[in-house]
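Participant: For what it's worth, the numbering used here labels the leading residue of the sequence shown as 1131, then goes sequentially.
Glycine residues also receive a C-beta, built at the ideal position from the N, C-alpha and C atoms.
Since this is a predicted model, take the numbers as computed values, not measurements.
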Amino acid sequence: MVKAAGLGAISALVHLLSDGSDEQKSRAAWALGCILGDVEQNKNRAADAGAIPPLVQLLQTGTDPQKLEATAALGRICYQLEDVKRKVANAGAIPHLVHLLRYGTNDQKHMAVWTLCRVAKGVENITSQAVQAGAVEALLLVIRDSSHDKTKKGEAEWTLCGIIGDNKFEQLKKSNLFAL
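1) Could you tell me the distance, in whole angstroms, from the CA atom of A1200 to the CA atom of Q1262?
2) Can you list, in chain order, the residues of its chain whose CB lies under 8 Å from that of G1292, leaving out five sequence neighbours each side?
3) For A1161, which residues from the same chain have a beta carbon less than 7 Å from its beta carbon, with the 5 sequence-adjacent residues on both sides left out?
4) What number of angstroms, rounded off, separates the C-alpha of A1203 from the C-alpha of C1164?
5) If you run the structure through DSSP and keep just helix, strand and coil, what is L1270?
6) Between L1166, H1229, N1236, Q1171, which has its C-alpha nearest V1186's C-alpha?
7) With DSSP run on the structure shown, which of helix, strand or coil describes Q1238?
8) Quick check for students: name the residue ranges of the alpha helix (DSSP H) that lie wholly in the region 1154-1187, counting only runs of 4 or more.
9) Can you tell me which of the three DSSP states G1150 falls into?
10) Where does A1221 fall in DSSP's three states?
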């Protein structure tokens, strides 16, 4: 994977995210997510190549498949890299992820929970941004939605805990807000 990324694959995919056909944009977001994997060097290369703004743009204006793949790629690009998390947040991803939590397809909601956790968890100014964007309410909606299985609800609880902190999370659980 590192070799493919070093040969310009990332730059070509970033170009397709902005200038490709609808199908190419979706496939480029998917491929970028695959190349990133858990390879820090690839994540930094993708961020430096400008991948974040077009991925965030796809969250806002893309087709359903583009939104899903862009959400996944953003979750992969920022995993365990605080500086890249900040770039994702500064590019405006948080409100769009919250929007997907509220109005996306079930797959988009699931991926938005996962990505929001990776972007916001443990970075105070990003968690504040997530709270201001309505993430707490949106995550509670996912937790309460009977169409989601226990795994998805558990991931939403984990993300909520990461955003508001353990103490506040326990207070929420005790207050029965999850059951409303």
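Facilitator: The answer reads as follows:
1) Numbered from 1 along the sequence shown, position 70 holds the residue referred to as residue 1200. Numbered from 1 along the sequence shown, position 132 holds the residue referred to as residue 1262. It is roughly 22 Å from the alpha-carbon of A1200 to the alpha-carbon of Q1262.
2) Locating residue 1292 in the sequence shown gives position 162, counting from the first residue. Excluding residues within five positions, the ones whose Cβ falls inside 8 Å are C1247, A1250, K1251, G1252, T1257.
3) Translated into the one-based positions of the sequence shown, residue 1161 becomes position 31. A distance below 7 Å between beta-carbons, with the five flanking residues on each side excluded, links A1161 to the following residues of its chain, in chain order: L1143.
4) The residue given as residue 1203 occupies position 73 in the sequence shown. The residue given as residue 1164 occupies position 34 in the sequence shown. It is roughly 8 Å from the alpha-carbon of A1203 to the alpha-carbon of C1164.
5) As a first step, residue 1270 must be located in the sequence shown, where it is residue number 140. If DSSP states are grouped into helix, strand and coil, L1270 belongs with the helices.
6) As a working note, residue 1186 is residue 56 in the sequence shown. Looking at the Cα atoms, H1229 is the closest of the given residues.
7) Translated into positions along the sequence shown, residue 1238 becomes position 108. Reduced to three states, the DSSP call for Q1238 is helix.
8) You should have 1170-1178.
9) Here residue 1150 refers to the residue found at position 20 of the sequence shown. Correct three-state label for G1150: coil.
10) Taking the first residue of the sequence shown as position 1, residue 1221 is located at position 91. Here A1221 sits in coil by DSSP.
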